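Here's the structure we're looking at; comments come further down.
Number of protein chains: 2
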Amino acid sequence: MPTRKQLADALRVLSIDAIDRAQSGHPGAPMGMADMAEVLFRHAFKHSPLHPTWANRDRFVLSNGHASMLLYAALHLMGYAVSLEDLQNFRQLGSPTPGHPEYGVTPGVDFTTGPLGQGVASAVGLALGERMLAHTFNRPDFELIQHYTYCFCGDGCLMEGVAAEACSLAATWQLGKLIVFYDANGISIDGKIDAWFSEDVGARFKAYGWQVLGPIDGHDPAALETALKEAQANTRQPSLLICQTHIGLGSPEVDSAACHGAPLKKESLSQTKASYNWSHAPFEIPEEIYAAWDAREKGSKDYEAWCRLAQSYQAKYPELYAEFERRLRGDFPDNLAQVFTSLETGLGRETKALATRKASKSVLDALTEVLPELVGGSADLTGSVGTMTNATKVFDPTTGAGNYLYYGVREFAMACIVNGLAVHGGFLPYAGTFLAFSDQAKNALRLGCLMRTKTIWVFTHDSIGVGEDGPTHQPVEQIAVLRALPHMTVWRPCDSKETIVAWESALKTQGPTALILSRQSLPAIEREDFAFAKLRRGGYIVQDCEGSPELILLATGSEVALAAAACAALSQEGHKVRLVSMPSTEVFQAQEPEYQEAVLPKSCRKRLALEAGIPDFWWKYVGLDGAVIGMEDFGISGKAQDVFKHFGFTVEHVLEVAHKLLA
Amino acid sequence: MPTRKQLADALRVLSIDAIDRAQSGHPGAPMGMADMAEVLFRHAFKHSPLHPTWANRDRFVLSNGHASMLLYAALHLMGYAVSLEDLQNFRQLGSPTPGHPEYGVTPGVDFTTGPLGQGVASAVGLALGERMLAHTFNRPDFELIQHYTYCFCGDGCLMEGVAAEACSLAATWQLGKLIVFYDANGISIDGKIDAWFSEDVGARFKAYGWQVLGPIDGHDPAALETALKEAQANTRQPSLLICQTHIGLGSPEVDSAACHGAPLKKESLSQTKASYNWSHAPFEIPEEIYAAWDAREKGSKDYEAWCRLAQSYQAKYPELYAEFERRLRGDFPDNLAQVFTSLETGLGRETKALATRKASKSVLDALTEVLPELVGGSADLTGSVGTMTNATKVFDPTTGAGNYLYYGVREFAMACIVNGLAVHGGFLPYAGTFLAFSDQAKNALRLGCLMRTKTIWVFTHDSIGVGEDGPTHQPVEQIAVLRALPHMTVWRPCDSKETIVAWESALKTQGPTALILSRQSLPAIEREDFAFAKLRRGGYIVQDCEGSPELILLATGSEVALAAAACAALSQEGHKVRLVSMPSTEVFQAQEPEYQEAVLPKSCRKRLALEAGIPDFWWKYVGLDGAVIGMEDFGISGKAQDVFKHFGFTVEHVLEVAHKLLA
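Protein chains in written order, with the working numbering: chain A, 16 to 678; chain B, 16 to 678.
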């Protein structure tokens, strides 16, 4: 039987050899964290390599994602579908071993990491998911869901504010099954961290309410195991294990930034292997090491035992189990269609002016009644963004009950936690803040897009229509930012009808959706030949003229009513004008080309787009002969109607620009 | 003489009356913080209302900017150019009393606030500026710069991770003259904060290394003053005063979120005034209260005393004083032009391939030799982004010496601190990270744009050219995000020549500049009729054809070389093709229309833009008849050349698309 050190060294050697072969990667962190990985994966981690999506497996997030080779090496040795050839193709195009771990790409990778701090923050979401799912589905003698969430992170992760935000919440929420191993090696890329990270991290986490264990010698498996058991035993507090390690352990560059982000030099590589007494060829792992790491048999047994538990559970609670399975599959209940029918015939026929944030709240009122997988929340703007409904219950940390989260003023952590909930399985999370503050969550929104997680963002107060709060609170470029994100579906509805359709789309889209909603009331738009099916196209004709249009007006959200007024005035003048509402350009772009051409015929070059945001995006639709009325500058504090007027969002100004185009 | 309570009540009453008149605003916080304001402004704050830009004044940042009326009321009473009429026009279009405090709009407002947490983080930058400027210019017996930086913040500010990031640095940097009053009222918009902010804030700040004072009764002026003196006396540690206050003090809605963000109801308003024994008409302030608040005489005396000190200093250190004045004016030394001439004739004539991040480093090498106002730094990527030079010295917390900052992995705090340094005066801060991580700093970049502060962002690793690190590290939408920011000037140079011009533009532009730089080497581009003056246009013809072009190729950065190769091949085929490099669309757009038309004649509709980023932006230049080769999806891990090929950035693919356009 190999020693624990040898088992850890196998991770080290595979890591440095793969990095050497790729001539790219980060050797220091895998070398430093290998003993932590040996302890966690071989002695605590509940999983089944042959069933990597098992719902009740422990979750693992490598927040310092640059240590990816550590994880790939462990997955390989434990028997996941990560081959030796995959390790040899580390960081090569199309391999399942990309530079940083990517969810959906590699079996056994539970979360995409790389941007530091977000792994820790998202692990909070995974741990929260466990807690909530367990509360909903576990029954006496049936612990259907009962797993830990483990996270490795480094100094850099804990410098990032997003980790601070989320860890504060983790303690408040009493997420005792969240266990974070802090690889405290004292080195970040710029060198020894004392000059920029001098705080007492342990004391900080105690201040949040965490159980802090250590400092532990991160290369002492027995000490690590003792601490880990202590962490597991405390189910009321999340635990931080402060593991003092040596980055690049065994290499001449140990304890320095030199081994952080570049392959070891050839001579270092051989010296390092010599220091491990490792004499095997690159990528050659002795059978007894494979055998000692192999987790397939044990994992399959654990998995099968759980399947038997699930079967008995199903026998005793057939409906509940069906619901459990439905939620994990991400299917919707059959009565959802009726809910939308009711919304269409109720809210959808309202003729009085209503803010789209309020229409959204009405849709949510109905949805939360029938979709218990919806987990809502807001970054301290619950009332303003309309994310709480009669059917939502505030999460109760002592029991795990509830489906609504008060995130406090922490937009970035909120987005990470939402991503974690979505990736956990069993939830469809939505969350709200002002559109201007989507900025703070930007990189987490991006990560959600990259992972294609189904999440719904309720971004209200969508323009200068915010009014008095002024330019810090008036978004101008944020809609463009969200549209620029691959796989983000953006909807900016103009009224209640489009808001219903936007929510419907959000539920059905595999990937994040951003709902861009007005603070102010918007009139119900009158449409020719109205049908909800038209709205589902993302862009459609609201009003048309006889024959071919001379001018096409395009608008979204609050500007559709303005465009409609201008359209009426121009028609009155005898112009042939078409009005197109374009609440979701992504959805419109996904329509067949013939439909797109029918709405926006190439032959009509006089096109005018209106949106109270930066204009750049709209040139795509209006071309070199068109015009855009948008926001070329930040907004200004004042009454909303004064601000709109100030920036030219008036019928007069629209007509002026239209006349120039028509001249 | 009015009592201190009455003097504080004057702030309260002006606040609630102005909010009532506007029927918009946040009464609770001004009512809660009025006693803190009375203590600070009347008993400690060094300033001169008639000289609001005095370099040696204390700085004040209202991080919970929604309490703006508190500040406007105090400025009015102290004698700043904020009139009673201005207060009556609170939150009205064009008034100097916008919804949240705006730097440059209101005399006496030292920083734009509103997005919570950033005020605290930027105050760290202001305090750092004081420390560095004092070290550079103070001489024995001549404390030319010696001021405190005060900040008020609320619970929400301290929930935000950006405050956590910056406060950790503030302690490491020993910014003892930073004093933060924490308005601990226990209420945020969603209600009592216990359910989302249960941490021990004092213990957290102690863990950072702060002096933590309190809890103090935030309505007890004597207790506040004692704590403030203690804070002032400790010049090695920043101080946090935990002030327990009652939001909405005196109103029936006291201690509840009901008074946070909406005007008091009429009956509450009168009950509140009754509780203050305040019987005056709205906006009527008794003379004795004005007299007690008036800071003009004392302020002018202090200011004049400082002017005398400065005069003696000037007599003794004429050159140093001239330099001090130059730096405060933001002028450049005369020899800067020579530096650029040397760069143009040296680096600018290099013909070998070079990464633009390396070219940028060479420019910085030269600039930091002659511009001591440059303060550099990086969020733990110093070597990769090339922000450190021979002339930079790492900031020394014990002395205040140095002009280089290790921010650690804290992009958002870095951006806030850079904003603070820029607003302090005397500095031209620049800072670097990978372009992908500009996301984390987004809202602070926005705030810099809103304030038009001169700051320079070194964003390297600008595309899928990042290669092996994969999609989390490969920006695709970030250039579009930066271009979407009003007042942000974006440069994506294609080679060393354009990099020199980009830096030159950054120095001269009043507002932030983002330099988008390649990780990988880029060839020096051959240009017809080369002149640096052409490059300064932001967009220019690199290669032209005889007569009118059939096709215009537009490209930026690494794609210019690709476009040049395609251009050569198409010309070989007999096509008339023009190649345009467009490193800065903002600068190009600022050229006279005739120039723009000469480069991109409206008559030429066959246009093809190339940029390894999301394509949406470029439709503005190519129109409905053109095409864009860009990134429609996130990147992928692999060797850079493989990744470029994978996404169609090859001559073959460019020719294929060009041929379609030409067909």
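We put the beta carbon where it would ideally sit given N, CA and C, even for glycine.
Predicted model, so just to flag it, every value in this text is computed and none were measured.
I'd like to know whether the C-beta of residue i is nearer than 8 Å to at least one C-beta of chain A.
i                  : result
Ser-458 of chain B : Residue identity differs from the one stated: residue 458 of chain B is Asn in this sequence, not Ser. So, interface residue.
Leu-639 of chain B : yes
Ser-618 of chain B : no
Ala-246 of chain B : no
Arg-36 of chain B  : no
Leu-29 of chain B  : no
Ser-78 of chain B  : no
Only counting the same chain, and skipping five residues up and downstream in sequence, which positions put a Cβ closer than 6 Å to that of residue i?
i                 : result
Ala-11 of chain A : Any question about residue 11 of chain A goes unanswered here, given that chain A covers just 16 to 678.
Arg-27 of chain B : Met-46, Ala-49
Leu-90 of chain A : Val-97, Gly-123
Look at residue i and residue j and say whether their C-beta atoms are less than 8 Å apart.
i                  : j                  : result
Ala-272 of chain A : Gly-206 of chain A : yes
Met-174 of chain A : Arg-311 of chain B : no
Glu-671 of chain A : Lys-621 of chain A : no
Asp-50 of chain A  : His-275 of chain A : no
Leu-497 of chain B : Thr-371 of chain B : no
Ala-142 of chain A : Ala-185 of chain A : yes
Arg-552 of chain A : Gly-480 of chain A : no
Met-597 of chain A : Gly-554 of chain A : yes
Of all Cβ atoms in chain B, is any one closer than 8 Å to the Cβ of residue i?
i                  : result
Thr-487 of chain A : yes
Ala-210 of chain A : yes
Arg-106 of chain A : yes
Gln-455 of chain A : yes
Tyr-223 of chain A : yes
Asp-657 of chain A : yes
Asp-395 of chain A : yes
Lys-635 of chain A : yes
Arg-219 of chain A : yes
How many Å lie between residue i and residue j at the Cα?
i                  : j                  : result
Arg-36 of chain B  : Glu-100 of chain B : 12 Å
Asp-657 of chain A : Ser-110 of chain B : 13 Å
Ala-459 of chain A : His-476 of chain A : 21 Å
Ser-257 of chain B : Val-195 of chain B : In the sequence as displayed, the identity of residue 257 of chain B is Ile instead of Ser. Computed Cα separation, rounded: 9 Å.
Gly-589 of chain A : Ala-678 of chain A : 13 Å
Ala-181 of chain A : His-41 of chain A  : 26 Å
Ile-651 of chain A : Phe-659 of chain A : 10 Å
Trp-518 of chain B : Ala-138 of chain B : 27 Å
Gly-415 of chain B : Trp-472 of chain A : 44 Å
Tyr-244 of chain B : Gly-645 of chain B : One point to set straight first is that residue 244 of chain B is Lys, not Tyr, in the sequence displayed. Answer to the nearest angstrom: the Cα atoms are 59 Å apart.
Gly-140 of chain A : Glu-214 of chain B : 19 Å
Phe-126 of chain B : Asp-198 of chain B : 19 Å
Considering only residues of the same chain and omitting the five flanking positions on each side of residue i, which have a CB-CB separation below 8 Å?
i                  : result
Gln-525 of chain B : Arg-467, Lys-469
Glu-543 of chain B : Ile-556, Val-557, Gln-558, Asp-559
Arg-154 of chain B : Tyr-328, Lys-331, Tyr-332, Leu-335
Taking CB distances under 8 Å as the criterion, tell me whether residue i reaches chain D.
i                  : result
Leu-379 of chain A : The question asks about chain D, but that chain is absent: this structure's protein chains are A and B.
So, at 7 Å on beta carbons, what are the nonlocal neighbours of residue i in its own chain, with the 5 sequence-adjacent residues on each side left out?
i                  : result
Leu-550 of chain B : Lys-512, Glu-513, Val-516
Query raised in the report: What residues in the stretch 501-525 of chain A bring their beta carbon closer than 7 Å to a beta carbon of chain B?
Result: Pro-501
Requested in this report: Closer than 7 Å, Cβ to Cβ, to anything on chain A: give me those residues from the stretch 304-324 of chain B, in chain order.
Outcome: Those residues of the stretch 304-324 of chain B placed with their C-beta closer than 7 Å to a C-beta in chain A do not exist.
Query raised in the report: Quick one, which residues of the stretch 114-136 of chain B are near chain A if we go by CB-CB under 8 Å, in chain order?
Result: Gly-114, His-115, Glu-117, Thr-127, Thr-128, Gly-129, Pro-130, Leu-131, Gly-132
**Report entry** Residues of the stretch 279-307 of chain A whose Cβ lies closer than 7 Å to any Cβ of chain B, in chain order
**Finding:** none
Requested in this report: Anything in the stretch 468-497 of chain B with a Cβ closer than 8 Å to a Cβ of chain A? List those residues in chain order, please.
Outcome: Gly-482, Glu-483, Asp-484, Gly-485, Pro-486, Thr-487, His-488, Val-491, Glu-492, Ala-495, Val-496
Query raised in the report: Which residues, in order along the stretch 171-187 of chain B, keep a beta-carbon less than 8 Å from a beta-carbon of chain A?
Result: Residues Gly-171, Cys-172, Met-174, Glu-175, Gly-176, Val-177, Ala-178, Ala-179, Glu-180, Ser-183, Leu-184, Ala-186, Thr-187.
Report task. Anything in the stretch 399-424 of chain B with a Cβ closer than 8 Å to a Cβ of chain A? List those residues in chain order, please. Result -> Cβ proximity to chain A below 8 Å picks out Ser-399, Val-409, Tyr-421, Tyr-422, Gly-423, Val-424 from the stretch 399-424 of chain B.
Query raised in the report: If contact means a Cβ-Cβ distance below 8 Å, which residues of the stretch 39-55 of chain A contact chain B?
Result: Ser-39, Gly-40
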